[in-house]
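Undergrad: So the protein sequences, as listed, match chains D and E.
The numbers in my numbering rise by one with no breaks, and the one at position 32 of the first sequence is 105.
The numbers in my numbering rise by one with no breaks, and the one at position 138 of the second sequence is 549.
Ideal placement from N, C-alpha and C gives every residue a C-beta, glycine not left out.
All of these numbers come straight from a predicted model, not from anything done at the bench.
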Amino acid sequence: MTGDSDRTPSDRVDVCIIGAGPAGALVADRLAARRHEVVILEAGPRFDRADRIERMERSIRPSHDLPSVWDMGGERDAYTSTGEWFYPLNNSRVKGVGGTTLSWQGMVMRLHEVDFEMRSEWGVAADWPIDYEDIRPYYGSAESALGVAGASDNPFAPPRESPHPMPPFPPSHSDARFAEACERLGVATHSVPNARNSAPFDGDSKCVGFGTCKPVCPTDAKYDATRTIEKATDAGVRVIDRVPVQRLEHDRSGQVIDAAVYVTPDGETHRQTARQFVLAAGGIETPRLLLLSESETYPDGLANSSGLVGRYFMEHLFAGTGGIVDWRTRQNHVGFLTSETHQFYDDPAAGTERGIPPADAQTAAFTPIKLEFFNYAGPSPVGLALDSDIWGDELLESLRDAYGNSIAMGGLVGQRPRKDNFVGLDSSKTDDHGNPVPRVHWRVDDVTKRSIRRANEIQETILTELGAELTWQVGPEETGPAFHHMGTTRMGTDPAESVVNPRMRTHDLDNLWIAGSSVFVTSGAMNPTLTIAALALKLADHVDESL
Amino acid sequence: MRLTRRDALAALTAAGVTVGGGALFLSTGEPESTADGTAEHRLDESTVRTLVAAAEVLYPSEVEGTEEFVTSYVQGKVEERPDHGRGIADAVDYLDDYAVAWYDAKFADLVPSDRDEALERMNADTAAPDPNGSDVERVRYFVVNELLYGLYTTPTGTTLVGLENPRGHPGGLASYQRGPQS
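1) Excluding sequence positions up to five away, which residues of its chain have a Cβ less than 7 Å from the Cβ of Ala528 of chain D?
2) For Leu162 of chain D and Leu114 of chain D, what's the separation of their Cα atoms in angstroms?
3) If we ignore side chains and look at the alpha-carbon of each, how far apart do Ala481 of chain D and Glu157 of chain D end up?
4) Is the beta carbon of Arg125 of chain D closer than 8 Å to that of Pro288 of chain D?
5) Anyone know if the C-beta pair for Asn270 of chain D and Ala249 of chain D falls short of 8 Å?
6) Check whether the Cβ of Ser545 of chain E lies closer than 8 Å to any Cβ atom in chain D.
7) Of all the CB atoms in chain D, is at least one closer than 8 Å to the CB of Leu506 of chain E?
8) Name the residues in the region 275 to 290 of chain D whose C-beta lies less than 9 Å from a C-beta of chain E; which are they?
9) For the 8 Å Cβ check, are there 3 or more pairs between the region 548 to 563 of chain D and the region 380 to 394 of chain D?
10) Confirm, please, whether the CB-CB distance from Arg348 of chain D to Leu620 of chain D is below 8 Å.
11) Give a yes or no on whether 8 Å exceeds the smallest Cβ distance from Pro566 of chain E to chain D.
12) Report the residues of the region 531 to 542 of chain E with a CB closer than 8 Å to any CB of chain D, ordered along the chain.
13) Is it true that the CB of Pro238 of chain D sits closer than 8 Å to the CB of Ala224 of chain D?
14) Where in the region 566 to 615 of chain D do unbroken runs of the beta strand (DSSP E), each at least 3 residues long, occur, reported from the N-terminal end onward?
15) For the region 582 to 598 of chain D against the region 352 to 362 of chain D, do three or more pairs of beta-carbon atoms, one drawn from each stretch, fall closer than 8 Å, so that the two count as touching?
16) Can you grab the Cα-Cα spacing for the pair Arg80 of chain D / Arg134 of chain D, in whole Å?
17) Please determine, among E:Val550, E:Asn534, E:Gly496, E:Ala535, the residue with the shortest C-alpha to C-alpha distance to Thr482 of chain E.
18) Output, in sequence order along the chain, the residues in the region 484 to 512 of chain E whose CB is closer than 8 Å to any CB in chain D.
19) Taking Gly461 of chain E as the reference, give the member of E:Glu557, E:Lys517, E:Ala539, E:Gly568 with the closest Cα.
20) Please identify the residue among D:Gly465, D:Lys522, D:His514 whose C-alpha is closest to the C-alpha of Pro549 of chain D.
21) Please state whether DSSP places Glu190 of chain D in a helix, a strand or coil.
22) The beta strand (DSSP E) spanning Leu321 of chain D covers which residue range?
23) Whose Cβ in chain D lies nearer than 8 Å to the Cβ of Ser472 of chain E?
24) Return the CA-CA distance between Ala222 of chain D and Glu531 of chain E, expressed in angstroms with no decimal places.
25) Short of 8 Å Cβ to Cβ, which residues in the region 198 to 212 of chain D face chain E?
26) CA-CA distance, Ile330 of chain D and Asp581 of chain D?
27) Just the Cα atoms here: how many angstroms apart are Thr602 of chain D and Arg320 of chain D?
28) Leaving aside the five residues before and after His137 of chain D along the sequence, list all residues of the same chain whose C-beta is less than 7 Å from its C-beta, in chain order.
29) Residues of chain D with a CB under 7 Å from the CB of Ser586 of chain E: which are they?
30) Give me, in chain order, the residues of the same chain whose beta-carbon lies closer than 6 Å to that of Ala272 of chain D; leave out the 5 immediate sequence neighbours on both sides.
31) Beta-carbon of Glu130 of chain D versus every beta-carbon of chain E: anything under 8 Å?
32) Going along chain D in order, which residues have a C-beta closer than 9 Å to the C-beta of Val468 of chain E?
33) Quick check: Val167 of chain D and Thr173 of chain D, are their CB atoms within less than 8 Å of each other?
34) Along chain D, in chain order, which residues have C-beta atoms closer than 7 Å to that of Thr477 of chain E?
35) Could you tell me whether any Cβ in chain D is nearer than 8 Å to the Cβ of Arg589 of chain E?
36) Which of the three DSSP states, helix, strand or coil, is assigned to Asn267 of chain D?
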């Protein structure tokens, strides 16, 4: 990527995209390939790739907190958390070219068919206005764009038309032991689709096992959106970094956006005009910018005639169980997962004939559950050493005692859309430009807690079958968010019940589109980035048609 | 278990240092000018000697080759990250001042048991590592944790624990698939 110190607006632009994360990058790349003039406005910086190993060291050494790894925090990123559950917002996002893919885990699964039809199939939440078949071809394109290593060995996955671009990562030593125990219990295990190179791909090297995928991969082997930004830039897209958009301005009729007003690092204010605007700033900043863009015509914020901008904020919740076994589990060699099971996704209540008891409630009393087998259970020696208050032989002895026999399962549990979980504005606190900060109001409801308990129950059974002595559990009282921001500008056909239509254009404004997981209607329990990417490619087709 | 130049290379790779050119050398001294006139950043001989002395206490007795490893590792890292080098030098200065005040000798001239005692006496064992903190917190960050990071992100260091490919080391994709007998 080349730097661009000229931060004045571009002339005669077809599309202005706000946000250089995966959604914005993919929309830009696709539209540039169709010869449209595109400019991206990015609030954060363009990080120097040469600094990545130093960032990795920062992530390992205990003196530096997680947000500091990617320079998050301070007045720019101020926020408030006002719900029943504290939300650690700056642990969950990165501002800069590449967005939060700079720090993501890189797990890329397709949503299941049922995720689009929760009202029809389970009688809960809501249906999406599109179904799996509508998005299916875009999933394939997204897997190519992100470079996914995977296999067609998942008996629970939705239908696919072609193999993944790269073969899957082989299973770990502990995966094999998990698979044996699961087979005895009637639970099928399968590979994990990963957006990291199991082989050289598209000019980037294969993974070399630094083991620090999240929060920073120091190589090019894990996908991040800078890869797409580079392609888009080569195709003519202009990326202006460090220019937080302050507001969107509409015309007199209130039908179209005229300009995005942004501020440069030296304090200059500019207006970027365009024919179409794509808001791709993530599940928090996207609704925040709409709310900040209030006007006489739209006193409650742009695209908010439904009153739902920021509402229905959803997350995935972590459920985990771990223990100790009497064999060497060989953990912490790599920082990613190689096996999981979706067996309890479409029907979390179902048991197996050979050991997993059915739940004592119906399917509709749960949310989807995805279960994972860890490759980084227990402490890493370097982490223990740097936190230790002993050294020398005594330290080595304690490391030998602590490392080697840990085993664990994790998992994601979905959360239903609830209007009282929301992202709003907090006018009592302002950012570095005097704007009200985002306010995250969030709690974990009883259905989600019940689903976490169900995940724990299955995990306990599998680990016990494996011979583990259980030593810890993250259940409904200890859980935390998986850092997936969803639902705050939901998609729908009824303008009174949604913010964007099935083409992801806002109901209220003819040239304002929203890319990202904020348009999700339900959360599922799959890591959302592949769906974000697929929807971005779909959105790009619709924007292209409008130009 | 002997630490080697190869381990220093591995540790430097994990620290982001471009190996090759002037990055790995064993000489010490003040910054020198290279043929093209640019300044090289190096720790002086006394600072390196103090770090080696600290490593002899911090590293397990099974580890050999500490002097060569520490010298190569810290000098290579400092050449790439001069600000970090200044932090190390300042922390080592404090360590020496402390040793002189309590033991009438510089840290590297103390017997190992006194070095161990000196670090504990100043609370470097329990202090929070902080590059911008108090003198002791900076000793913990720039001396104790710096040296432990170098050791326990190398395969030689963590193979002692049973892990050939630790976090922060690019050890490839073979080891995670192997069982414990391989």
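TA: This is what the structure holds:
1) Once the five neighbours on either side are set aside, the close Cβ partners of Ala528 of chain D are Ala392, Ile442, Leu444, Gly484, Val486.
2) Leu162 of chain D and Leu114 of chain D: Cα-Cα distance of roughly 22 Å.
3) C-alpha of Ala481 of chain D to C-alpha of Glu157 of chain D: approximately 29 Å in a straight line.
4) In terms of Cβ geometry, Pro288 of chain D and Arg125 of chain D do not form a close pair [threshold 8 Å].
5) The Cβ-Cβ distance between Asn270 of chain D and Ala249 of chain D does not fall below 8 Å.
6) Put simply, the CB of Ser545 of chain E is far from chain D, with every gap to its CB atoms at 8 Å or more.
7) Not a single C-beta of chain D is nearer than 8 Å to the C-beta of Leu506 of chain E.
8) Within the region 275 to 290 of chain D, the qualifying residues are Lys279, Cys280, Val281, Gly282, Phe283, Gly284, Thr285.
9) These segments touch.
10) It is a contact, given that the beta carbons lie within the stated cut-off.
11) It does not: the Cβ of Pro566 of chain E has no partner Cβ on chain D nearer than 8 Å.
12) Residues of the region 531 to 542 of chain E with a C-beta less than 8 Å from any C-beta of chain D: Asp536, Thr537, Ala539, Pro540, Asp541, Pro542, listed in chain order.
13) No; because the gap between Cβ atoms is not below 8 Å, this pair is not in contact.
14) The DSSP assignment places 585 to 587 as complete runs of the beta strand (DSSP E) inside the region 566 to 615 of chain D, in order along the chain (cut-off: 3 residues).
15) Contact between the region 582 to 598 of chain D and the region 352 to 362 of chain D is present, because at least three Cβ pairs lie under 8 Å.
16) Between Arg80 of chain D and Arg134 of chain D, the C-alpha separation is close to 36 Å.
17) Looking at E:Val550, E:Asn534, E:Gly496, E:Ala535, the one whose alpha-carbon comes closest to that of Thr482 of chain E is E:Gly496.
18) Cβ contacts with chain D: Arg492.
19) Reading off the sequence, residue 461 of chain E comes out as Thr, not Gly. Checking every option, the nearest Cα to that of Thr461 of chain E belongs to E:Lys517.
20) It is D:Lys522 whose Cα lies nearest to the Cα of Pro549 of chain D.
21) Secondary structure at Glu190 of chain D: strand, using DSSP grouped into helix, strand and coil.
22) Per DSSP, Leu321 of chain D belongs to the beta strand (DSSP E) from 318 to 323.
23) Near Ser472 of chain E (Cβ distances below 8 Å), the residues of chain D are Gly465, Asp466.
24) Taking the Cα positions, Ala222 of chain D is about 49 Å away from Glu531 of chain E.
25) Listed in sequence order: no entries.
26) Distance from the CA atom of Ile330 of chain D to the CA atom of Asp581 of chain D, rounded to whole angstroms, is 10 Å.
27) Rounded to the nearest whole angstrom, the C-alpha separation of Thr602 of chain D and Arg320 of chain D is 26 Å.
28) In its chain, beyond the 5 residues on either side, Arg131 have a beta carbon closer than 7 Å to the beta carbon of His137 of chain D.
29) Here the neighbours are His406.
30) Around Ala272 of chain D: Met239, Lys279.
31) In terms of beta-carbon proximity, Glu130 of chain D lines the interface with chain E, with at least one pair separated by less than 8 Å.
32) Those are Trp464, Gly465, listed as they occur along chain D.
33) In this structure, Val167 of chain D lies near Thr173 of chain D, with their beta-carbon atoms less than 8 Å apart.
34) Contact note: Thr477 of chain E does not reach chain D at a C-beta cutoff of 7 Å; the least C-beta distance is about 12 Å.
35) Yes - at least one Cβ of chain D is within 8 Å of the one on Arg589 of chain E.
36) Note: Asn267 of chain D maps to strand in three-state DSSP.
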